[in-house]
Each structure stands twice: as structure tokens, then as C-alpha cells.
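Everything below concerns the one structure shown next.
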Amino acid sequence: MTTNDTTTTTTVADEHVHVEDVPTGLLIGGSWRPATGGRTIAVQDPSTGAVLAEVADATPEDGIAALDAAVAAQDAWAATAPRERSDVLRRTFDLVHEHTDDLAALMTLEMGKPLAESRGEVVYGAEFLRWFSEEAVRIGGDYRTNPEGTGRGIVLKRPVGPVYAITPWNFPLAMATRKIAPALAAGCTVVIKPADLTPLTTLFLAELFRRAGLPDGVLNVVTSSDAKELSAPIIADRRLRKLTFTGSTPVGSALLKQAADNVLRTSMELGGNAPLLVFDDADLDTAVTSAMQAKFRNVGEACTAANRFFVQDGIADAFLAALTAKVEALRIGRGSEDGTTIGPLIDGRAVDKAAALVDDAVERGARLVVGGERVDRQGTFYGPTVLDDVQPGSDILTTEIFGPVVAITRFHTEDEGIRLANDTEYGLVAYAYTSDFARGQRLAERLETGMLGLNTGVVSNAAFPFGGVKASGIGREGSHEGIEEYLETVYVLTPDPFAR
Ligand code: NAP
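To convert, note that position 131 of the sequence shown is 310 in the numbering used here; the numbers rise steadily by one, no gaps.
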């Protein structure tokens with residue numbers, strides 16, 4: 180890969196994987212450049228603590244320079260033919276696939292997940308590029324006669340304008356493509372700020388967009404050690420038209436308040452506290468296999484991770500035994516080592532949080548079935564854990580665990596299961612296992628959730644609307660609904676063309 184400034188690239192590697200020419204600068208107006216003043220942020224491997232790279236630490240002035248570039252590019256990008264925007268996205272999709280090994284290695288090194296999961300994220304993340312390359316050419320409109328018959332209305336869609344996107348560290352590629360792809364398809368320009376813990380994947384992705392022929396200034400990337408200081412002036416700038424955020428609910432809520440001052444369009448993909456319900460009539464193998472995916476994907480560091488397991492009395496013992504056997508077979512290691520299924524947590528605070536939640540649950544009467552310990556090795560690891568009989572009032576039932584911990588509560592009736600599942604301020608995703616289709620339909624209508632995995636453990640798919648209700652957010656990403664988040668509706672009224 181060739182960037183236009185070799186002072187802003189580096190090689191990122193460990194003894195198993197190796198990626199050359201990874202951008203480390205800020206992408207502003209089509210050029211990679213160091214931060215003003217030259218400050219950098221160290222990016223670490225959570226499995227060893229080793230510094231992988233130093234990336235630019237943008238000042239607030241750099242952030243505004245990125246917005247300047249997005250604003251300057253906006254009109255020309257909005258005026259491009261939809262097919263042109265579609266083709267750039269499609270070429271980037273192809274380049275992402277060509278660079279699967281590089282992107283997977285970067286994600287594993289900076290975030291810690293096993294290589295096989297990082298490859299899975301490349302496939303998932305790339306799908307947003309393909310999906311929205313297809314949506315770019317299908318932006319619709321409407322033509323109506325008014326009810327009085329005296330006029331005609333034309334309803335058209337226009338890009339909302341320059342977008343500021345803020346993404347988290349847990350899915351460094353997919354969270355970026357899920358925002359960039361629909362924004363570009365709609366004709367919006369973008370400034371994106373990835374998390375400072377995992378910026379390398381997004382920087383590499385941005386270089387692939389450049390190589391795919393994206394015009395200068397259409398996508399700008401800023402990395403910073405002070406997200407608040409960098410973001411506040413961008414969000415307050417009247418030229419910005421949209422804020423899209425994926426991250427925790429408290430930060431999302433604070434950003435919504437800032438966005439209100441500027442009456443910005445917002446999309447908020449926030450935290451979760453997913454219930455996983457296993458009913459007596461569930462297929463045991465399906466429930467256990469799916470529960471393992473719903474819980475342990477990304478070491479439990481997913482907004483969609485099953486957080487609270489509710490298991491009906493009649494199947495509880497069999498489910499617990501089968502699940503525990505699978506948990507005991509998980510293999511802890513560095514993500515880049517063969518056979519690893521459980522990598523490190525993102526940092527020491529994440530380990531402390533998982534440990535505190537488990538200790539609190541046990542003190543309040545839960546039974547520790549397996550795990551419950553930090554792993555005695557270099558890096559930030561916590562052992563896969565299963566708790567049974569978690570008691571009401573335990574912190575683990577109200578907190579996003581973001582770690583490899585199963586917390587089981589038993590229930591008796593369908594009504595009780597639904598009541599327990601809905602007893603949270605969150606509403607991102609729920610999982611349920613039952614062989615009774617009518618029960619599945621009742622759950623779909625009664626669970627307070629944006630998404631329901633029925634007899635499956637993964638709901639993420641570019642073709643479907645991803646998003647939550649309640650404190651889990653506002654808006655949807657993916658599907659044909661995802662592009663609407665970046666479009667304004669404009670209505671034109673004309674007189675009756677037959678009236679002379
Ligand atoms: P976070 O602390 O809220 O950070 C998310 C992003 O916001 C990061 O880029 C962060 O920058 C930035 N940020 C933090 N404080 C900010 C501020 N005051 N102003 C502007 N930006 C700010 O969340 P996280 O720990 O990275 O991610 C985990 C959370 O994300 C979990 O709650 C998870 O459920 C949620 N999540 C939700 C979805 C979804 O689709 N609903 C998907 C994935 C994750 P720095 O990291 O550089 O400080």
C-alpha cells in the first residue's frame with residue numbers, strides 16, 4: 180500500500196502476524212499528516228501490553244481542519260452520480276477482502292480477539308460496503324396528487340450533509356463501515372474518530388477508500404487521546420449536519436445534549452443488557468451452541484452479548500451441564516496464536532469490572548460453577564466463568580458485563596421470563612430458545628428490544644436494521660433503513676398541471 184507521506188506509516192507486527200504500511204497520521208483533505216505539534220498516542224497489544232504503534236494525537240484545531248475538508252468536499256460529493264458513489268464503495272469492498280489478513284491481524288493485535296473472529300469481522304464489516312453500494316443507486320422519491328386534486332407533491336431525498344462519526348474499540352472495522360458506507364452512499368462527507376485504543380484498523384480502512392478512488396476530503400479520520408476536547412468544537416460547529424455515535428449509553432446521552440444545541444440529526448447505537456431466555460421446550464443443542472456464540476463472541480465484549488441468562492426450571496440442569504462443558508473447553512491465549520478462543524479483555528479496567536461483578540454476585544448468593552478468576556499470565560485476561568442462581572439485586576443483572584461471564588437465573592413461567600427480561604433500562608437485543616412458534620411470536624411482540632434472535636445466537640447482518648430501543652439508542656444501521664439516517668426529506672408542491 181502506498182500513502183503519500185511515508186512519515187505517517189508504520190509496520191505493526193508480533194511473532195505471528197505482520198502488517199506493513201499502516202497509516203498512523205490524520206487523514207485530512209486526502210493527505211496523511213501528523214498532528215499539529217506532533218503529539219502521538221501509543222497503541223498497545225492487550226495480550227502483552229507491548230506498544231504496537233504511535234498514531235497522531237489530533238488537537239481541536241486538527242479536528243476543525245478535518246471538518247473544513249468535509250465541508251469543502253460536500254457539494255461535489257453530493258452531486259456525483261449515484262453509480263459513481265456505488266462503484267467506490269464496491270471497489271473498497273473488494274480491497275477490504277483482498278486485505279483480509281492485514282485487517283484481521285490489525286484487529287487481533289490492537290483489540291485482542293482471536294484471528295478467526297477478526298476474519299469474521301472483516302466479512303461482516305465488508306458487507307456494509309457491498310450493501311450500501313447497492314443502496315446508493317436505489318435512493319427513492321415520491322410523486323403524489325394532493326387530496327384536493329389541485330396540486331402535485333414531489334418528495335425527494337437529499338444527503339443530510341457533513342457527518343461526524345464516533346466509533347468504539349470493540350468492533351474496529353464493522354462499526355466504521357456501518358457508518359461510513361451509508362453516509363457515502365447517501366452523498367454525505369464524513370469525519371470519523373475511532374477509539375484511541377483501536378485506531379489502526381480504521382486508519383487502514385481509510386487508506387483502502389483512498390486507493391478505491393474516493394475523492395479527497397470525502398472521508399477524513401482524526402485520532403485523539405482526548406475525545407471530548409476534540410469532539411466538542413466539531414459538534415458545536417454549525418456546518419456539521421449529523422452526529423452518529425456507537426458507544427456507551429452515558430457518553431451517548433452526553434453527546435445528545437451537545438447535539439441538541441446545534442439541532443443535529445443524530446443516530447445513537449448504545450449499550451445493551453441482553454436477556455437470553457431458554458424455555459423448557461427448546462432444542463438443547465441449539466440453545467447451548469447459540470448461547471456460546473451470544474456470550475463468548477468477542478470475549479463477551481459486544482453490545483449484543485447475552486448478559487442475563489434466564490433458564491426455565493425444566494431444562495435448567497441439562498442446559499447448565501452442557502454449557503459448562505463447552506465453557507471448560509474454551510482455550511485462553513493471545514488472539515494471534517492458533518487455537519485461541521478466548522483472548523484478553525481490552526484493558527485492566529475491563530478485568531477489574533468483570534471480577535467485581537462476579538465477586539458481588541457470589542457474595543449475594545450466586546453459585547460459582549466454573550472460572551471466577553483472573554488469568555495468571557501477561558496481558559489483561561479474565562477466565563471464562565459460569566454463575567448459577569444469580570440473585571435479584573446483584574450488580575451483574577443491571578450492568579453490561581463486557582466480559583466472558585455467564586450469569587444464570589432460573590424462572591418458572593413464560594410471563595415471569597418476559598418480566599425478568601424486560602426489567603432493564605436497555606433494549607438492544609434479546610435471544611430466546613423455544614420450539615413453540617406461537618411463543619416466539621409472543622416474545623417478539625412483548626420483549627422490549629430492537630432485535631430478537633429466535634433460536635439463533637447472532638443477529639448482526641448488513642441486510643437487517645440493527646439498533647435498540649429504550650436506553651440502547653435511536654436509529655438503525657444496515658438494511659434500507661440505514662441509508663435513511665443520512666438523508667433529508669424535501670417536499671415540493673406544484674400546481675395541478677391540468678389546470679389552465
Ligand atoms: P465509550 O467509552 O462510550 O466510547 C465510544 C467512543 O466515544 C470512543 O471513540 C470514545 O473515544 C468516544 N468518547 C468517549 N467519551 C467521549 C466524549 N465525551 N465526547 C466524544 N466522544 C467520546 O464506549 P466504548 O467503551 O468504546 O465501547 C463500549 C460501549 O459501546 C458499550 O456500552 C457497548 O455496548 C457499546 N456498543 C454499542 C453498539 C451498538 O451498536 N449499539 C456496538 C458496539 C458497542 P476514546 O475511546 O478515544 O476515548
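From the three backbone atoms N, C-alpha and C, an ideal C-beta is built for every residue, glycine too.
Keep in mind the model is a prediction, meaning the values are calculated, not measured.
The DSSP-derived three-state label of ASP281 is helix. The beta carbon of THR673 is closer than 8 Å to those of GLY330, ARG331, GLY332, ILE333 in its chain, skipping five residues each way along the sequence. With fewer than 16 other Cβ atoms inside 10 Å of its own Cβ, GLY319 counts as exposed. For VAL201, the closest of ASP568, GLY619, THR187 by C-alpha to C-alpha distance is THR187. The residues PHE458, ASP460, ALA461, GLY619, in chain order, have a CB closer than 7 Å to that of THR613 in the same chain once the five nearest residues on each side in sequence are set aside. Counting C-beta pairs closer than 8 Å gives three or more between the segment 232 to 245 and the segment 207 to 214, which meets the contact rule. Shown here, TYR665 sits in coil according to DSSP, grouped into three states, outside any helix or strand.
Spatial neighbours of ARG679 in its own chain (CB-CB distance under 7 Å, excluding positions within 5 residues in sequence) are not present. Between the segment 272 to 288 and the segment 296 to 313, the count of Cβ pairs shorter than 8 Å is three or higher; the stretches touch. Between THR559 and ALA529, the CB-CB gap stays under 8 Å. With a minimum length of 4 residues, the unbroken runs of alpha helix (DSSP H) contained wholly in the segment 343 to 423 fall at 353 to 365, 379 to 390, 406 to 415.
About 6 Å separates the beta carbon of ALA611 from that of LEU633, a gap short enough to meet the 8 Å contact definition. Contact between ALA504 and ALA485 does not hold, since their C-beta atoms are separated by about 18 Å, which reaches or exceeds 8 Å. Inter-residue distance for THR287 and THR592 is about 42 Å (C-alpha atoms, whole angstroms). The shortest C-alpha to C-alpha distance from GLY493 to any of THR577, PHE388, ARG589 is the one to ARG589.
Taking a cut-off of 8 Å on C-beta distances, the segment 247 to 255 does not touch the segment 344 to 354, as fewer than three cross pairs fall below it. In terms of CA proximity to ALA258, VAL339 leads the group THR190, VAL339, ARG298. Two segments are said to touch when three or more pairs of C-beta atoms, one from each, lie closer than 8 Å; by this definition the segment 429 to 445 does not touch the segment 545 to 552. Taking the CA atoms as reference points, LEU376 sits about 8 Å from MET290. Secondary structure at THR673: strand, using DSSP grouped into helix, strand and coil.
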